[in-house]
Every structure is written in C-alpha cells, then in structure tokens.
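These notes are about the structure you will find just below.
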Amino acid sequence: MADFGNDGGLWTARLIGASAGAAVSLIYLLPRSRREAACRFLTGLACGLVFGGPAGLWIAVRLGIAGYLGPAEMLLTGSAAASLSAWWGLGVLARLAERMRE
8 MADFGNDGGL
18 WTARLIGASA
28 GAAVSLIYLL
38 PRSRREAACR
48 FLTGLACGLV
58 FGGPAGLWIA
68 VRLGIAGYLG
78 PAEMLLTGSA
88 AASLSAWWGL
98 GVLARLAERM
108 RE
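If you count the sequence shown from 1, you need to add 7 to reach my numbering.
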C-alpha cells in the first residue's frame, strides 16, 4: 500500500497532476467563456487534489504496475486522471442541460 503522507514533494506531484489534467480538459473541450474556463479549471484542480491518491492507486492496481511506481508517480497519474475526467462528466451534463433549456 502506498503511503501518501503530507510530504511536500507529494503535494507538488498532486498539484502538478491536477493542473495538467485541468489544462488538458480545457484543450479537448474548448470553453465558451472565461467564466466557464475558470469554473472548469478550478473544478478539475479540486477533484485532482482530492481524488488523486485513490485514483492513482486504483489505476496502478488495475494495470498491475503498483509495485513499480512510487507514491509521487501514483499521485501525479491519479491527480491528472481525476482532474481530466471530472470535467468531462460535468461538462457534458452541463451542455446537455443547456440544450434542453433552450
């Protein structure tokens, strides 16, 4: 089991992964306004920071590479994945709701 303590390096990996995932989500599904871009980035950042550890561990175990990765690599991967996937679900639902409202 990975130890995701309060080490500064682990928080840095978590923050970099969450930022990268949020940035990629903005590129793949372009925002319509600055407000939407800010909301999406902050949502992705928050989800990446909160769910980075569990997501990274889950991904590593599912791929069978948990024994080969260190805590920083798991957090980086998990934070990016959680951040990227957070907006895809919310963004698609928001756009569908907007279309239904029209």
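Where a beta carbon is used, it is the ideal one built from N, C-alpha and C, also for glycine. Only a predicted model underlies this, so the values are computations on that prediction, with no experimental measurement involved.
If we ignore side chains and look at the alpha-carbon of each, how far apart do residue i and residue j end up?
i           : j           : result
residue 105 : residue 95  : 15 Å
residue 68  : residue 21  : 18 Å
residue 70  : residue 64  : 10 Å
residue 50  : residue 74  : 31 Å
residue 109 : residue 103 : 10 Å
residue 19  : residue 101 : 31 Å
residue 14  : residue 107 : 46 Å
residue 58  : residue 43  : 22 Å
residue 38  : residue 66  : 28 Å
residue 26  : residue 72  : 24 Å
Using a 10 Å radius around the Cβ and a threshold of 16 neighbouring Cβ atoms, would you call residue i buried or exposed?
i          : result
residue 16 : exposed
residue 81 : buried
residue 84 : buried
residue 8  : Interpretation of residue 8 is limited by its pLDDT of 47, a score under 50 that renders its predicted location unreliable; no figure is taken from the coordinates.
residue 45 : exposed
Could you check if residue i belongs to the surroundings of the ligand MG, using beta carbon to heavy atom distance under 7 Å?
i          : result
residue 95 : The ligand MG is not part of the structure shown, which contains no ligands of any sort.
One question on the structure: do residue i and residue j come within less than 8 Å of each other, judged by their Cβ atoms?
i          : j          : result
residue 91 : residue 32 : yes
residue 56 : residue 98 : no
Length-filtered (4 minimum) alpha helix (DSSP H) runs lying within the segment 13-95: Counting whole runs of 4 or more residues, the segment 13-95 contains the alpha helix (DSSP H) stretches 15-35, 41-70.
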